[in-house]
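Chains as they are written, first to last, in my numbering: chain A, 6 to 268; chain B, 19 to 610. Working notes, structure below.
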Amino acid sequence: MKMFVCIKYVPDTSEAEVKVNPDGVSVDSSRFSFDINDADNYAVEESVLIKEANEGDITVLSIGPKQSDVMIRMAMAKGCDRAVRIEDERIAGYDPLMVAKVLGGAVKGQEFDLVLTGCMASDDWHMTTGVALAEELGVNHVSMVKKVEILDGKKVKAYRELEGGLMEVVEVELPVVLTIQTGINEPRYAPIRGIREAQKKELKVANLDDLGIDAAEVNADASLVVLEQLYIPQVESSAEFIEGEPDVKAEKLASILVKGGLV
Amino acid sequence: MSELIKGGAFLLGPVDENTVFTPEDFDDVHLMIKKTSYDFMVNKVEPRIDEIEEKAEGVTLDLIRQAGELGLIGSDIPEEYGGEEADKITTMIITENASICGGSYATSFGAHTGIGTLPIVYFGNEEQKKKYLPGLASGEKIAAYALTEPEAGSDALNCKTKAVLSDDKNYYILNGAKQYITNAAWAEVIVTYAKIDGERFTAFIVDADSEGVSIDPEEKKMGIKGSSTCSVIFDNAKVPVENMLWEEGKGHQVAFNILNIGRFKLGAGCVGGSKKVIEFSSAYALQRIQFKQPIAQFNIIKNKVANMTILTYLMESLVYRVAGMIEDKLSAVKASGAAASDIVQAIQEYAIECSISKVWCSEAMDYIADEGVQIFGGYGYGQEYPAERSYRDSRINRIFEGTNEVNRMIIPGTLLGKAMKQEIPFMEAVMNLGAALKPLKDAEAPAESPAREEFYLQNLKTLFTLVAGNAAQKFGADIKNEQEILCRLADIAMDIFAAESGLLRVKKMMANGESEASKMALKMTQCYIYEMIPRLEAWGKEIIAATLEGEAASKAYSGIRLCCNFEPADIYGPKREIADAVYAGKKYFLDR
Ligand SMILES: Cc1cc2nc3c(=O)[nH]c(=O)nc-3n(C[C@H](O)[C@H](O)[C@H](O)COP(=O)(O)OP(=O)(O)OC[C@H]3O[C@@H](n4cnc5c(N)ncnc54)[C@H](O)[C@@H]3O)c2cc1C
Chain A
6 MKMFVCIKYV PDTSEAEVKV NPDGVSVDSS RFSFDINDAD NYAVEESVLI KEANEGDITV
66 LSIGPKQSDV MIRMAMAKGC DRAVRIEDER IAGYDPLMVA KVLGGAVKGQ EFDLVLTGCM
126 ASDDWHMTTG VALAEELGVN HVSMVKKVEI LDGKKVKAYR ELEGGLMEVV EVELPVVLTI
186 QTGINEPRYA PIRGIREAQK KELKVANLDD LGIDAAEVNA DASLVVLEQL YIPQVESSAE
246 FIEGEPDVKA EKLASILVKG GLV
Chain B
19 MSELIKGGAF LLGPVDENTV FTPEDFDDVH LMIKKTSYDF MVNKVEPRID EIEEKAEGVT
79 LDLIRQAGEL GLIGSDIPEE YGGEEADKIT TMIITENASI CGGSYATSFG AHTGIGTLPI
139 VYFGNEEQKK KYLPGLASGE KIAAYALTEP EAGSDALNCK TKAVLSDDKN YYILNGAKQY
199 ITNAAWAEVI VTYAKIDGER FTAFIVDADS EGVSIDPEEK KMGIKGSSTC SVIFDNAKVP
259 VENMLWEEGK GHQVAFNILN IGRFKLGAGC VGGSKKVIEF SSAYALQRIQ FKQPIAQFNI
319 IKNKVANMTI LTYLMESLVY RVAGMIEDKL SAVKASGAAA SDIVQAIQEY AIECSISKVW
379 CSEAMDYIAD EGVQIFGGYG YGQEYPAERS YRDSRINRIF EGTNEVNRMI IPGTLLGKAM
439 KQEIPFMEAV MNLGAALKPL KDAEAPAESP AREEFYLQNL KTLFTLVAGN AAQKFGADIK
499 NEQEILCRLA DIAMDIFAAE SGLLRVKKMM ANGESEASKM ALKMTQCYIY EMIPRLEAWG
559 KEIIAATLEG EAASKAYSGI RLCCNFEPAD IYGPKREIAD AVYAGKKYFL DR
């Protein structure tokens, strides 16, 4: 099983305050700690589980800065075999289609059975990159995957979790792109030994030229998305205090909920 | 790293920052291990703290084994015996993180990986290593270290446990009682000490299931309630002769050197514990509203958060500096094909720094835990929030691994010993005092920082030489009875070492370009040094008043004044900024 797993270096916005830069289209990231996108962490684990069960070979792909090397090595410490980090300022990184083109360019020309990505990135929430990548590569895809079974090395059975806990099961032929949901497995921790071995594994750094990708096709001019503004919405609070005896209060509350279409 | 620095030499002159290891020097492997060990604690240990505290059957052991699978308990064990054979920096990183989920797990972990396992790593013979280390590396077997006895606490060599060779010469028969032994109820391997024929103090490895070994019920403790602490009773316990550890009559080498390592690791534990207190206290302060605003915004709360952060910064700088010194020494020794005795010497070289790490960090952590409770107010006194537990857990650090009093005495005691043996040029420094003081009369402190703070620190080192030199000359060998002086000298030496560790780290950071982090680090160092100078001045005078009289005393006082002359600067403003930086991320902000 020849696999690629795509991972993204994202800021942890849960604790630190988010501040928009004066340019209005970027966020001050100096106070954030960065790490692997949550869903991608599950994708890495799934690829390693598949490798352990079926034998295989995993290449990590990531577009990101030098600082993300530690994240990439962590994936290798868990069992991925090698990595390519793509770093090129010309890439219009906020446009998932451009990102998919770059990742596709890195995969093209090589044999593969599976490409795994997270189902979404916690920073921009496009939920598009994996699917667009399948299109770019001209192969099948299954999105929002919650369980994977490899059938006889030619097909996969993928379980998609839908609203209300409904499971959809699809069988697709390889090669295929799977976008992985969180919770599909329990990501492991990298053991010290793995961490050390990871330092010896190949981490290739490539720019667009190295990958033979025409910058004009993936830069801001090529992108159909224009990021106009980022802002933090004003916090508004309007509270209505309901007065009266309990039964009166209940009636008023019920009518507000009904009027508001909330029940 | 460049030439090796002698233990204690920091007191006698400037230190080049490039010889010092700092957390900014972590390489990728360190950072990755840091992440693994941190994530393991937060996701696996933290959810089980309540069970740990109740000593729920098997929980701590299960967690130690899981940590073992990741290589987190075998970092000091050679690879050939199933360990990771990592550097000391790695061990410190793991130890720091092992302390972020309360003192109970930290203590069980620390006693197993440190004082329990290391005697075999450093002093065991080939067969002993082969037999015991793989199980200890994986956590399959838990280790304990049984030195203390009812009548031999600080006075460990007053050991009453006796070992006598059996008639068939196959066993040592041990009789005696060890008390307050961490991990006792869980341990399969107990490193202990007994006097052969009541005379020759010797270390032994005892299998806990041996005939004649029994474990008393658990002690009821103030804190670290989830750790096991019991007495171990040897009643004609049969210990195979091949389980004698190291050499007959050389048990003190094992005992004291292992404690040295335990001491500097204890400092790392305090770093982790303190970072956690900063985290939960700042988060609480930001959401607790009084007088219509978060209490975090009251300046006196900011002041507390800043003090906690400054101490944590210095602890962290200090601990990794010592780890770097020991690592350099050990790798130099290993490179030359080390015998165990070389390793003993390598560790012994930094006995002063190890004791400083133990005492200074345990007291800083205690202060931080105490202020943590204060920030929580009444909620801090209740068990619903973690402040209460960390306050109770923190207290033991000042008692075990040698009480802080015993360790304080080790600091000047070792220094004067080294001076006598000409290992460090302390006597020369005393002789040159006149020359050192003279230029201070009309010296101006540099206007720029951190050169300014460096100048002040240098003068404080002269202060140390002045008071220590006078005391040593006055009391000679009897200085050992002047415990108040010895402890004050230790206080001065510790503050200098801590502040200097912070300062050298800033210098290193600034050499890589000024950053938000380096600016904050400088502010923290400055605040500490400005508060420390008047304190050291008072301590110095206190010592002189007990040492000299009349003109000699007056002369010494004016020397002290010269050393402690400084231009006061505002520390309230910088401290508010330090607190704001903590609030921005609700955590200690220099962590990567
Ligand atoms: C929870 C816990 C876990 C422990 N775990 C272990 C363990 O795993 N293994 C182990 O071997 N031991 C362990 N100990 C024992 C611990 O190391 C001792 O309690 C400690 O060394 C102090 O000895 P002591 O209690 O006999 O106090 P003492 O030695 O009686 O000291 C009492 C007081 O007198 C002071 N004092 C003693 N001598 C001097 C002196 N010469 N000059 C000035 N002041 C002095 C001390 O500083 C202290 O303040 C543990 C203790 C506790 C509470």
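Built from N, CA and C at the ideal position, the CB exists for glycine as well.
Q | Residues that glutamate 173(A) bridges to, as DSSP identifies them | A | Arg165(A)
Q: In angstroms with no decimal places, state the Cα-to-Cα distance between isoleucine 319(B) and isoleucine 393(B).
A: Computed Cα separation, rounded: 7 Å.
Q) Between threonine 200(B) and ligand 1, is the CB less than 7 Å from at least one heavy atom? A) yes
Q.
Bridge partners for proline 312(B) per DSSP, in chain order?
A. Ile307(B)
Q | Where isoleucine 7(B) sits in the DSSP three-state scheme | A | This structure leaves residue 7(B) out entirely; chain B is present only between 19 and 610.
Q) Would the beta-carbon of methionine 79(A) fall within 8 Å of that of alanine 195(A)? A) Closer than 8 Å, so yes.
**Q.** chain A within 8 Å of glycine 89(B), Cβ atoms only
**A.** yes
Q. Along the segment 48-63 of chain B, what residues have a CB closer than 9 Å to any CB found in chain A?
A. Leu49, Met50, Ile51, Lys53, Thr54, Ser55, Asp57, Phe58, Asn61, Lys62
Q.
Just to check my reading of the structure: glycine 342(B) and phenylalanine 39(B) have Cβ atoms closer than 8 Å, yes? What is that Cβ distance to the nearest angstrom?
A. With 8 Å as the limit, glycine 342(B) and phenylalanine 39(B) qualify as a contact, their Cβ atoms being about 3 Å apart.
(Q) Among Ile197(A), Lys7(A), Leu108(A), whose alpha-carbon lies nearest the alpha-carbon of aspartate 219(A)? (A) Leu108(A)
Q. Taking any Cβ of chain A, which residues in the segment 574-604 of chain B have a Cβ under 7 Å from it, in chain order?
A. Within the segment 574-604 of chain B, contact with chain A at the beta-carbon level (separation under 7 Å) is assigned to Ala602, Gly603, Lys604.
Q. For glycine 171(B), is the beta carbon positioned less than 7 Å from some heavy atom of ligand 1?
A. yes
Q. Would you call tryptophan 130(A) buried or exposed, if buried means 16 or more other Cβ atoms sit within 10 Å of its Cβ?
A. exposed
Q) Can you list the residues of chain B that aspartate 74(A) reaches, using a CB-CB cut of under 8 Å? A) Asp46
Q.
Quick check on the burial criterion: 16 or more other C-beta atoms within 10 angstroms. Buried or exposed for tyrosine 546(B)?
A. buried
Q) Around the Cβ of glutamate 406(B), are there at least 16 other Cβ atoms within 10 angstroms (buried) or fewer (exposed)? A) buried
Q: Scan the segment 363-385 of chain B for residues whose Cβ lies nearer than 9 Å to a Cβ of chain A and list them as they occur along the chain.
A: none
Q: Spell out the partners DSSP gives methionine 262(B) in its beta bridges.
A: Phe222(B)
Q: Express the C-alpha separation of leucine 88(B) and cysteine 11(A) in angstroms, rounding to a whole number.
A: Separation of cysteine 11(A) and leucine 88(B) (C-alpha to C-alpha, rounded to the nearest whole angstrom) is 25 Å.
Q) What are the start and end residues of each continuous alpha helix (DSSP H) run of 4 or more residues lying completely inside the segment 180-265 of chain A, in chain order? A) 197-203, 213-216, 251-264
Q.
Tell me the DSSP secondary structure of lysine 180(B) in three-state form.
A. The answer is strand: DSSP assigns lysine 180(B) an E or B state.
Q. In terms of residues, what are the limits of the beta strand (DSSP E) holding asparagine 145(A)?
A. In this chain, the beta strand (DSSP E) harbouring asparagine 145(A) covers 145-156.
Q: Can you give me, in chain order, the residues of the segment 20-49 of chain A that have a beta carbon less than 9 Å from any beta carbon in chain B?
A: Here the close residues are Glu20, Ala21, Glu22, Ser35, Arg36, Phe37, Ser38, Asp40.
Q: Identify the continuous beta strand (DSSP E) that holds cysteine 11(A) and give its terminal residues.
A: 7-11
Q. If we ignore side chains and look at the alpha-carbon of each, how far apart do isoleucine 251(B) and leucine 332(B) end up?
A. 41 Å
**Q.** Closest by C-alpha distance to leucine 277(B), when choosing among Val362(B), Phe607(B), Cys379(B)
**A.** Val362(B)
Q | serine 232(B) (DSSP reduced to helix, strand or coil) | A | strand
(Q) For the beta strand (DSSP E) containing glutamine 197(B), name the first residue and the last one. (A) 189-200
**Q.** Selection of the segment 521-535 of chain B by Cβ proximity to chain A, strictly under 8 Å
**A.** Glu534
**Q.** Beta-bridge pairing of lysine 256(B) - partner residues as DSSP gives them
**A.** Ile191(B), per the DSSP bridge assignment.
Q. Three-state secondary structure (DSSP) at tyrosine 163(B)?
A. strand
**Q.** glycine 244(B) beta carbon less than 8 Å from that of serine 122(B)
**A.** yes
Q) Is the shortest distance between the beta-carbon of glutamine 115(A) and the beta-carbons of chain B less than 8 Å? A) no
Q: Please confirm whether leucine 284(B) and isoleucine 160(B) have their CB atoms less than 8 Å apart.
A: no
Q. Nearest chain B C-beta to isoleucine 197(A) closer than 8 Å, yes or no?
A. yes
**Q.** N-terminal and C-terminal residue of the alpha helix (DSSP H) that isoleucine 8(B) is part of
**A.** There is no way to answer for residue 8(B), as the model of chain B reaches only from 19 to 610.
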